[in-house]
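Participant: Residue numbers (this note's numbering): 4 to 103. One structure, as structure tokens, below. Some questions next.
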């Protein structure tokens, strides 16, 4: 069981790295203008609160994966992609994005 979890985690890391590289190669300047750091911070707070109150299960697990992707993209100043992952996390938890 432990080895299976390690394989799944490695698979997620590889998939995220591939997605990040694709975003770096094909991301446009226009999409970077759609979101900014404060959008990332606002969404990060919303997602963190939503995850904190979510019931355990697949939706919560998937939302945590999206949250980590959002953190990574925002950390690399790819704000539009980060905000999109945060929005997906909220969607998985059945919540709406609030305006900041």
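Idealized CB from N, CA, C, for every residue including glycine.
Select from 102, 37, 50 and 98 the residue whose C-alpha is nearest the C-alpha of residue 72.
Facilitator: Translated into the one-based positions of the chain shown, residue 72 becomes position 69. Comparing Cα-Cα distances from residue 72 to each of 102, 37, 50 and 98, the minimum goes to 50.
Participant: Can you look up residue 84 in the DSSP assignment and give me helix, strand or coil?
Facilitator: Sequence index remark: in the chain shown, residue 84 carries index 81 (1-based). Three-state DSSP puts residue 84 in a helix.
Participant: Between which residues of its own chain and residue 89 is the CB-CB distance below 6 angstroms, once the five residues before and five after are set aside?
Facilitator: One-based indexing of the chain shown puts residue 89 at position 86. Cβ neighbours of residue 89 beyond the five flanking positions: 46, 50 and 73.
Participant: May I ask which residues mark the beginning and end of the alpha helix (DSSP H) holding residue 99?
Facilitator: The residue labelled residue 99 in the question sits at position 96 within the chain shown. Residue 99 -> no alpha helix (DSSP H), and no H or E assigned at all.
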